[in-house]
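Written out below as structure tokens is the structure these notes cover.
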Amino acid sequence: MSFLGIVTLVLIALIILSLLFVFFKAFILLLPVALIAIAVIWLIGWFTGRKNNMPSSGNYYDWFKNVNSTQSQTRARKKAKNVTTKDIDK
């Protein structure tokens, strides 16, 4: 590899690393803002004291409640017919 090829690879690596540093520095600088937002949301939930997380409207349906089990109401499955090559040719 020639000297100019090595210089080009090093410059490309430098550009990529500098871009990664800029993006991750922005994330690191926004981390305290995210932690403050998490704390504020948690405190609002703590002070409102809402113990029941179900919606207040009557449209809520508990899908995991075992009130009317549909397993006992299912019909028996029909057995499959044995299909032969004679039936296919018809």
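Read left to right, the sequence shown gives residues 55 to 144 (the numbering used here).
Just so you know, even glycine gets a beta-carbon here, dropped at the ideal spot from N, CA and C.
Backbone secondary structure at residue i - three-state DSSP
{"i": "S72", "result": "helix"}
{"i": "K119", "result": "coil"}
{"i": "T138", "result": "coil"}
{"i": "G59", "result": "helix"}
{"i": "K79", "result": "helix"}
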